[in-house]
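Structure first, commentary second.
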Amino acid sequence: MELNYKRTNIWKNASAEKKNSIMETAADFKAFNDASKTERLCVAEAVRRAEAKGFVDITRKDSVNAGDKVYYNDNGKLLYLTVVGKKPLTEGANIVAAHTDCTRLDFKILPIFEKDGFAYGKTCMYSLSKLEKWTSTPLSMYGTVVRKDGSVIEIAEGASEDEPALFITDMSLHYSVEQGQRKQEEAYNHEQMNVFLGATPAEGDMANAVKENILQYLYEKYGMIEEDFISAEIEIVPAGRTRDIGLDSSALCGYGFDDRAAVYAQLHGILACEAPERTAIAIFADKEEIGFEGRSGSHSRVTDYFLRLLAEKSGCGGDGIALNRIQLGSKVMSLEAVCGNDPNYPEVCEPYSGSLLGHGLQVIKYASRYGKMDTSEASAEFLGQVRKIFNDNDIIWQPFAGIEKFGGFGTIAVDYSNMGMESFDAAICVLGAHSPYEFMLKSDLYEACLACRVFFEKLQ
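For the sequence shown, the numbering used here assigns the number 902 to the initial residue and increments by one for each residue that follows.
In structure tokens, the structure reads:
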């Protein structure tokens, strides 16, 4: 018997068939990720793919039975995909949860202004990021706008390579001596993250003619006026596509891998799930990056509503005690994107419990900051069960723990634990998290897809 724990390199141990599947899955992920630049677009793409695989809106069904595939879409921001199991729902469900929102810039309430002949859009940061990374790179704008008459429109600018992109300028190197002497967090100011929109003045003699020209453009294209920004959600994201990386094409870079790589993996797993013993549920949550709050976040009571609705339509009853039984019997994998060892920055990787890229899904007993603060620590019994089903089904995985003095993170696992569910964290190794472009290996993405299906189908 081998007494020492050893990590396994996915590629070295893969058959030719598995290697081909790794590359095919990565190609499909690129298409998914490029179609999912915002949380609304991500949910829409997940629903499109689910419907193509036979999932139907649960609100259109009077009842559900074992093997049925249903979904519940709450306002286009919070999504539940479900394959109904053979066992009663009151015995619990196998749940994988990931978040669709990513670090980005959001337009402020009245964002457009003019200064020195330039029209800008004023932004605020959504979540945390190193601000300088959002300068000097092409950007796109996506949004949902409710116009004055109550009609809803979708806008997109810079979405394709033949369209003009947006941009945030940086200070020229030649005159940035003083800037370079500041601390990193002081070198860039949130109020300077202004998106360039244009420099052409409208015809006629008027104040703020460049701003007027931009407003005219938006009115002619979308029928919107400046006041419509007040009832709008407009997001600024990187304009580039998800790309293969490396001379051997072994890696990927793109926007939003934290957490849309995990979203894709759980979607891949639930779409492949067939005839599970326990009901399988994939939860696509929002607002993780800003504290889990709001109707579309994991703090929301919408999950309670969905579980009651599912229980009622499956014949288990939709009362409070039925909900409690479902929650107490459910088991959750909160799927994330978490840093692995970066050979360029080895000092921030825990040398014994840190994770290596290309060595499988990270299994995380607790995601926390200093002193296990704000964590949802998985029980030994539950992690033992997870280890066993992964090992029994040849899933390549590895443990993860960080070095506390360098930071930490929180996840939505805590919310499901607070509902009474058994939960643990798992993650795909991603480098450069919260950057406009992030990095991961294709093999880790594929292994996460396999792990999700096993969790849905095999956990008892």
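Even glycine gets a Cβ: it sits at the ideal position worked out from N, Cα and C.
A distance below 7 angstroms between beta-carbons, with the five flanking residues on each side excluded, links R1005 to the following residues of its chain, in chain order: Y1027, E1136, I1137 and V1138. Under the criterion of beta carbons closer than 8 angstroms, C1240 and A1334 qualify as touching, at roughly 6 angstroms. Annotation: D963 to S1324 spans about 31 angstroms, alpha carbon to alpha carbon.
Judged by DSSP secondary structure, R1144 falls within the beta strand (DSSP E) whose first and last residues are R1144 to I1146.
For N934, the enclosing alpha helix (DSSP H) covers residues A917 to D935.
Of P1012, K987, D1293 and L980, the smallest CA-CA separation from H1000 is found for L980. DSSP places G1081 in the uninterrupted alpha helix (DSSP H) bounded by V1078 to G1081. A contact between stretches requires three or more CB pairs, one per stretch, nearer than 8 angstroms, and the stretch 1212 to 1219 fails this requirement with the stretch 1270 to 1290. For H1000, DSSP records a beta bridge to A1186. Counting of Cβ neighbours within 10 angstroms places L1074 among the exposed residues, the total staying below 16. Taking a C-beta distance under 9 angstroms as the contact criterion, G1261 and I1296 qualify as a contact pair. Between the stretch 1039 to 1055 and the stretch 1083 to 1094 there are fewer than three C-beta pairs closer than 8 angstroms, too few to call the two in contact. A1020 sits in a strand when the DSSP states are folded into three classes. Between T991 and A1212, the C-beta gap is smaller than 9 angstroms, which places the two residues in contact. Q1117 counts as exposed, since fewer than 16 other C-beta atoms from the protein chains shown sit within 10 angstroms of its C-beta. Inter-residue distance for D1017 and E1092 is about 16 angstroms (C-alpha atoms, whole angstroms).
Take the alpha-carbon of D1129 and the one of L1119: they are about 11 angstroms apart.
Within the same chain, Cβ atoms closer than 7 angstroms to the Cβ of D1002 are found at E940, D1187, K1188, E1189 and E1190, the five residues on either side in sequence being excluded. Sequence-distant Cβ neighbours of T909 in its own chain, meaning closer than 7 angstroms and more than five residues away, are H1260, G1261 and I1297. Taking a C-beta distance under 9 angstroms as the contact criterion, V1164 and C943 qualify as a contact pair.
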